[in-house]
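First to last, the sequence lines map onto chains A and B.
Note that numbering that gives the first Met the number 0 has the first sequence beginning at 0, numbered continuously upward.
Note that numbering that gives the first Met the number 0 has the second sequence beginning at 0, numbered continuously upward.
Remarks on the structure that follows.
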Amino acid sequence: MLIAAALSVFLALAVLGVLAGDEMWRHRVIYACCALACAALLIGGLKHLGQTPGTGPAIILPIGLPWMAAHFRLDNLSALFMVIVNLGTLAASVYGIGYCSHLPEPRRVTPFFPLFLFGMNAVLIADDAFMFLVSWEFMSLASWLLVLADHKNPENRSAAMVYLMMAAFGTFCLLTCFGLLAGPDGAYSFPAMRGSLLTPVTGFLVVLLAVLGAGSKAGLVPLHAWLPLAHPAAPSHVSALMSGVMTKVALYGLIRILFDLHGHVSWGWGAALMVIGGITAVLGVLYAILQDDLKKLLAYSTVENIGVAVIGLGLALAFKDSGEKALAALALVAGLYHMINHSIFKTLLFLSAGAVITSTGERDLGKLGGLLKRMPWTGAATLVGAAAISALPPLNGFVSEWLIFQALFKGPSLPHWAMKFGVPVVGAMLALAAALAASCFVRAFGIAFLGRPRSKAAAQAERVPLTMRWTMTVLAVLCIILGAIPVTVTDALSGVVQPLTGVHFAVSADLGWPWLSPVSSTRGSYSGTVLVMTGLTLFVISILLVHRFGTTKVRRADAWDCGHREDIPESQYTGQSFSQPLRRVFCSSLFAARETVEMPEPGDLAPARLTVRVVDPIWRYLYLGIVRVVDVVADQVNRMQFLTVRRYLLMMFATLVFMLLVVAVRQQQ
Amino acid sequence: MSAILGQIGQIFLVVALAPLITGWVRLVKSRLQGRIGASPLQPYRDIYRLLQKEAVVAHSASWVFRTAPYVTFAAVWLAAAVIPTFTTNLFLAPAADLIALVALLGVARFWTALAGMDVGTAFGGLGASREMMIASLAEPAMLMVSFSLSLISGTTSPAQIIAFILGGGVGIEVSMGLSLAALIMVAIAENGRIPIDNPATHLELTMVHEAMVLEYSGRHLALMEGAGMVRLTLFMALIGGIFAPWGIAVPGANAVGVVVGLAAFLAKCFVLATGLAVFETMIAKMRVFRYAAFLGGALLLGLLATVFLYVSEAV
């Protein structure tokens, strides 16, 4: 009931949003109402997770096409994602209360924001393919309109165009996928699909289409191309939702199809997903390191984190097919844990990027610097988010990566040689991605928030409104809590994975509550709780020891810098110079990164220039290749526009004969 | 001896011993270079002297600069507390395994790099950028070593690995040899030793770690230096414990066992420290962009160690 009410509130708010006009308080009220509805959904999801494992009652509503009723149902998986989604949307709505007045055109954002929230939540509770796809399109189109909010910028328009095409492609794949799952009888409700038996070929196609459809929304390489264009183009609180939350809805679709509707996915698909995940993780973070635009950097880092979560899903599929149910549960819990974590810290980081843009008007790292002193709350929250996304203990990002590593390290116990050799390679990729993510966020935080301001705008940055600061602080605290009590989270997740893997995920019982030991007590264990407590104790002891044996005197002076006294902020490292070693090591062959130096002639006072050229291989060879093929085909087809009536009639006749032949041949069989 | 007592002993042992090990490395190096060298106790005096001096903090520094030394030191100390030195009976042993250990060292590095960038000088950024590049290769290499060790022993926890090896679970294996080589290479990189970084250099273009802590003075510098010393001890305990676990006290050991464990740990440290000094004297520092070859080699050795395990299993 609560959920239905909240969803109708979203629709009503969308209508009110159109009527809001230019009065800012109306926009604020709409965001506040959104926040209330999100809180209701969050509570609904949490309540369902707290109940005994099982599915809620099916609700059938007579809406939609005349001969099709709409089915809704809340089960544990939906409830979990409802929690993930509404944590993010709640944060973004509260943030929006303060943020909406800083937008250039709030009227272009407020009506679509509740629609977007409606779409994402409706996908989660849909219990038939029709409602799922309709809600999915709601989500895609509402977010597309939000990407277009700042439509005067030509870059945003082309980003929206690419996004629309990729969204159409994704929905097309999912539509076909559900068509195959439904079979010739058109059993479009999810319970009917679960029972259907698939031939090996259909089963293969279903998985392929699900991976293409949901993967393109989630941003799996090479289908990620739209994501770093579209996510940053939207207003920051919407970017946070698209990156932090909508990608999770996409992964929900993937899990729903691969673990629930499709009865039996072969281990080969698990291995393939694992490798795709590994490649996505490494490429995503390498792209992120090369970015100077704060929001683009965050969008690419989303690609990385989706890759990490997909490694967990792939492993879970491979373990499940090989009968290792306990390990499948471990890998799935790891993947889900990472999705929760990513939704929190990515939302936090995008919101902080929004705060930076609000107070400085800049999103280019090269123009920022020294913001920690001007915006202490935002800075501290961002630091927590950056540490969490870099997988540093005791924060939440580390726990999920640790669990994925534990699952990976058990991978060689599978009988297939492809897995035995694939797992170490994917392990190396995951380790590389984690280490590079730390570099990426040291760079992003260090350049934007530390050092000296690189522009006047950064030097005069103002604090942002209270609602924005609160939201970020709460999210940062959540990063700490989810890292400090990992066992509580995995216990909550075990109820979700039980119906999907057929086994209850349990941490080893002989160590007890704060010790996370997923395989056995001797296999390797971790305790965020104990680490936090011991770490804090040692931190305090070192402060006490230093102050006991040393002085507490501090003198403020100019920076020493090996004796170079200067006042030029440009002499600091920039984003480009920071990433130069990494660019040389990792990107010279992968992205054909080249540096050219133009030195002026002796005596010429012109500045020397260093030009860096980076080629995105996927965009250049895959996407532009497709564009070229489409152009050529379109040229050919274009000729058919100028035929005589006679020829058109001939073509219709030929088509008719062909169709009849097909029918005849099929009936023969 | 109970696990808690062992743990407390371990926590204070690593901090108390760390300057001595660094002093010993410096002494052996000076002797090899034909100098008399300072007493191995000199690092204790240095740290005490630094603690007495006032800390100079740049005008442009934020609270990150002043917090980083404490966080760095505490993170490295915590990491050192979970690696068995003289006993495997540690209360904290189940709290962090090898993966968590890598990540704890990552915490220290994260804060040190941020501190380097905080003042807003060119050198700080230079050090942070290079350090993160080194780490982005050294961390995966270390995780690959953990992977092959976990395949051999069935666990990622250092105390359990040591127990497994002490129990005679492993013969002489190619994979162990490859892991050892990879781990030593990682240890060299993580500790900023020659040929990756030179702890004694203050030459502008070759600094990595020193460039990040250039602005530190007084007690802050003491903590940063102390963290480096504890990190060196930690890697010696890790290498000595896993690849030469003999003598370490096991759960249920009596007082004699603990004394033997302490003596064995001291002996391992001094052998490794002497080896490090000899190695550093023999070779020259590398160019910055050759690091990738060195550390990429470590990563591949780690991968090879896993592959060789399958091969030896199949044979």
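We put the CB at the ideal spot given by N, CA and C, even for glycine.
Every value quoted in this text rests on a predicted model; they were computed, and no experiment measured them.
Residue i - partner residues in DSSP beta bridges
| i | result |
| --- | --- |
| L609/A | V596/A |
| V553/A | A54/B |
| F71/A | I58/A, A125/A |
| T86/B | A248/B |
| Y525/A | L515/A |
Three-way DSSP call (helix, strand, coil) for residue i in this model
| i | result |
| --- | --- |
| Y187/A | coil |
| Y215/B | coil |
| L515/A | strand |
| Y69/B | helix |
| T536/A | helix |
| Y647/A | helix |
| Y572/A | coil |
| A248/B | strand |
| T201/A | helix |
| T109/A | coil |
| D490/A | helix |
| D363/A | strand |
| R451/A | coil |
| Q50/A | coil |
| V118/B | coil |
| K284/B | coil |
| P580/A | helix |
| L102/A | coil |
| Q32/B | coil |
| N197/B | coil |
| L294/B | helix |
Reference residue i; option with closest CA among the options
| i | options | result |
| --- | --- | --- |
| D291/A | V122/A, S100/A, V17/A, A447/A | A447/A |
| V274/A | D127/A, V425/A, I96/A | V425/A |
| I238/B | G33/B, A158/B, V63/B | A158/B |
| P39/B | L213/B, K52/B, P18/B, Y47/B | P18/B |
| A427/A | L265/B, P250/B, I98/B, A107/B | I98/B |
| S145/B | I187/B, L303/B, V207/B | L303/B |
| R564/A | T111/B, L233/B, A121/B, C268/B | A121/B |
| M285/B | G246/B, T200/B, T205/B, L265/B | T205/B |
| R218/B | A112/B, A54/B, A92/B | A54/B |
| V486/A | T472/A, R522/A, L465/A, V529/A | V529/A |
| Q23/B | A266/B, G296/B, G301/B | First, the residue type needs correcting, since residue 23/B is Trp and not Gln in the sequence shown. Nearest C-alpha to W23/B: A266/B. |
| P568/A | D117/B, N88/B, Q41/B | D117/B |
| L113/B | A102/B, L100/B, L103/B, A127/B | A127/B |
| L49/B | P601/A, F548/A, L348/A, V632/A | F548/A |
| I35/B | R44/B, P42/B, R25/B | R25/B |
| M132/B | L285/A, V264/A, G602/A, S493/A | L285/A |
| F278/B | T86/B, L261/B, N197/B, L12/B | N197/B |
| G269/A | I288/A, I278/A, M418/A | M418/A |
| L275/B | A188/B, T154/B, A140/B | A188/B |
| T536/A | G167/B, I82/B, L77/B | L77/B |
| R612/A | R554/A, Q579/A, V626/A, L621/A | Q579/A |
| M138/A | A217/A, A308/A, A19/A, E154/A | A217/A |
| A13/A | V264/A, G602/A, L114/A | L114/A |
Contacting positions in the stretch 225-243 of chain A - beta carbon closer than 7 Å to chain B:
none
Would you list, in chain order, the members of the stretch 49-63 of chain B that have their beta-carbon closer than 9 Å to a beta-carbon of chain A?
L49, L50, Q51, K52, E53, A54, V55, V56, A57, H58, S59, A60, S61, W62, V63
To test your reading of the DSSP string, which unbroken alpha helix (DSSP H) runs of 4 or more residues are found completely within the stretch 256-308 of chain A?
266-289
Using Cβ-Cβ distances below 7 Å, what residues of the stretch 399-417 of chain A are close to chain B?
W401, F404, F408, P411
Please list the segments of the alpha helix (DSSP H) lying wholly inside the stretch 213-250 of chain A, counting only runs of 4 or more residues, in order along the chain.
226-232, 235-240
Going residue by residue through the stretch 381-441 of chain A, where are the continuous alpha helix (DSSP H) segments of at least 4 residues, counting only ones entirely within it?
395-408
Give me the subset of the stretch 513-530 of chain A whose CB atoms are less than 8 Å from a CB atom of chain B, sorted by chain position.
W514, S516, S520, T521, R522, G523, S524, Y525, S526, V529, L530
May I ask you to list, following chain order, the residues of the stretch 102-118 of chain B that have a beta carbon less than 7 Å from some beta carbon of chain A?
A102, L103, G105, V106, F109, A112, L113, M116, D117, V118
In chain order, which continuous runs of the beta strand (DSSP E) of length 3 or greater are located wholly inside the stretch 311-349 of chain A?
none
In chain order, what residues of the stretch 77-96 of chain B put their CB closer than 8 Å to some CB of chain A?
L77, A80, L91, P93, A94, A95, D96
Proximal residues, the stretch 544-566 of chain A versus chain B, C-beta separation under 7 Å:
V545, F548, G549, T550, K552, V553, R554, R555, A556, D557, A558, W559, D560, C561
What are the residues of the stretch 577-593 of chain A that lie near chain B, defined by any Cβ-Cβ distance shorter than 9 Å?
F577, S578, Q579, P580, L581, R583, V584, F585
Return the residues of the stretch 119-151 of chain B that lie within a Cβ-Cβ distance of less than 7 Å from chain A, sorted by chain order.
G119, T120, A121, F122, G124, L125, A127, S128, R129, M131, M132, A134, S135, E138, P139, L142, M143, F146, S149, L150
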